[in-house]
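Participant: So the sequence lines, in the order shown, correspond to chains H and E.
The letter at position 92 of the first sequence is residue 92 when you use the working numbering, and the numbering goes up by one with no holes.
The letter at position 38 of the second sequence is residue 174 when you use the working numbering, and the numbering goes up by one with no holes.
Ideal placement from N, C-alpha and C gives every residue a C-beta, glycine not left out.
2 protein chains.
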Amino acid sequence: MNTFQRNTQQRRVILEELQKLTSHPTASLLYAIVRQRLPKISLGTVYRNLELLAQSGVVKKLGHTTGEARFDGDTTPHSHLRCVECGRVDDVSAPVLDLTGGATDDWAGYQVLGYQLEFLGICPTCRKQTNHVSNP
Amino acid sequence: MNTFQRNTQQRRVILEELQKLTSHPTASLLYAIVRQRLPKISLGTVYRNLELLAQSGVVKKLGHTTGEARFDGDTTPHSHLRCVECGRVDDVSAPVLDLTGGATDDWAGYQVLGYQLEFLGICPTCRKQTNHVSNP
DNA sequence: GTATGTGCAAATGGTTTGCAGTGGG
DNA sequence: CCCACTGCAAACCATTTGCACATAC
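#1: Name the residues in the region 174-186 of chain E whose C-beta lies less than 7 Å from a C-beta of chain H; which are they?
#2: Are the Cβ atoms of residue 92 of chain H and residue 82 of chain H separated by less than 8 Å?
#3: Mind pulling the beta strand (DSSP E) runs of 3 or more residues that sit fully within the region 21-65 of chain H?
#4: Output needed in chain order: residues of the region 252-267 of chain E with a Cβ under 8 Å from some Cβ in chain H.
#5: Please decide whether residue 249 of chain E counts as near chain H, where near means a Cβ-Cβ distance under 8 Å.
#6: Using a Cβ-Cβ cut-off of 6 Å (strictly less than) and excluding sequence neighbours within five positions of residue 40 of chain H, which residues of its own chain qualify?
#7: Give the range of the alpha helix (DSSP H) segment to which residue 129 of chain H is assigned.
#8: Can you tell me whether DSSP reads residue 149 of chain E as helix, strand or coil?
#9: Tell me whether residue 174 of chain H is buried or exposed, calling it buried when 16 or more other Cβ atoms sit within 10 Å of its Cβ.
#10: If you draw a straight line from the alpha carbon of residue 161 of chain E to that of residue 154 of chain E, how long is it in whole angstroms?
#11: Strictly below 8 Å CB to CB, what residues from chain E border residue 90 of chain H?
#12: Would you say residue 195 of chain E reaches chain H, if we count a Cβ-Cβ gap shorter than 8 Å as a contact?
#13: Contact criterion: CB-CB distance below 8 Å. Does residue 217 of chain E meet it with respect to chain H?
#14: Given a threshold of 16 other Cβ atoms within 10 Å of its Cβ, counted over all protein chains shown, does residue 79 of chain H qualify as buried or as exposed?
#15: Output yes if chain E places a C-beta closer than 8 Å to the C-beta of residue 84 of chain H; else output no.
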């Protein structure tokens, strides 16, 4: 039932390193990390494998509301909190939506597959750097 | 308090056409539409104005979970339902989230600004075209 | 009059792809 | 041994930007 056939060294290392991280790296950040173990790997290979891993459900691809896509090695249900300044993404325990709620009976004929919930804010680091307090 | 100074013809027409639409056009689709009234307008101008209009809150820029960004002339609170096959976006009456809910007391030090909720599914048109019923 | 906006075209940046060579099963 | 996978580099495509000219105010 596996979508991919071969268990290549590259694929193994990419998955290992991604699952090791609690941050939600971009493809190129992960590329930099993986390159420490496999110096000859190419960015294209990282993209190809992340895509495959995401398709087989081993990994989650986070839609890019801003900037680049990010990937999450943790597939348990949870939401994300994205910093609108630096793009950093943290986890939040997911407030699960009740899709059976009557208000949304009308789905316009769609077959609903799920939802994506993302919180937006300013992370601690960026709050320190700029003044985000309303001026007196 | 307006973010932009000049009320140019281009800006006016872009806003008018966007507000006329209930679909959620991409920049280039809107460009095609606007060009019917202003044949000499450039795509760059459309992008520049959509960005400005979004910043001043007159228009809403929908984060691109897949593919291109889309723009919404309707700024009243509502959620979106995106077709994962063709990218089409429809409106749904927003099930408003209660951010005061105790479960999410821990925001990891973030200053939370809001959230983005997007439903994913397959639109009526795409359901007809491909067989999305589980095979017997 | 002048700063702001426009058209054009070239640059950017993330992601994808074609191809010849490699290595997993 | 053979086909899925890799490395490389070029292609892609949405978006952004630099510049000279135009225009709203």
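Facilitator: Judging by the given coordinates:
#1: Cβ contacts with chain H come from no residue of the region 174-186 of chain E.
#2: Result no, Cβ atoms of residue 92 of chain H and residue 82 of chain H do not sit closer than 8 Å.
#3: Within the region 21-65 of chain H, the complete beta strand (DSSP E) runs of at least 3 residues are 60-62.
#4: Of all residues in the region 252-267 of chain E, those with a C-beta nearer than 8 Å to a C-beta of chain H are 252, 253, 254, 255, 256, 257, 258, 259, 260 and 263, reading in chain order.
#5: A Cβ of chain H is located within less than 8 Å of the beta carbon of residue 249 of chain E.
#6: Excluding its 5 nearest sequence neighbours in each direction, residue 40 of chain H has no C-beta neighbour in its own chain below 6 Å.
#7: Start and end: 124-129.
#8: DSSP places residue 149 of chain E in the helix class (H, G or I) of the three-state scheme.
#9: Residue 174 of chain H lies beyond the range of chain H shown here (1 to 136); nothing can be said about it.
#10: Rounded to the nearest whole angstrom, the C-alpha separation of residue 161 of chain E and residue 154 of chain E is 8 Å.
#11: Going along chain E in sequence order, the residues near residue 90 of chain H (Cβ under 8 Å) are 244 and 246.
#12: So no, residue 195 of chain E is outside the interface.
#13: Output row for residue 217 of chain E: interface = yes.
#14: With 16 or more other Cβ atoms within 10 Å, it is buried.
#15: Output row for residue 84 of chain H: interface = yes.
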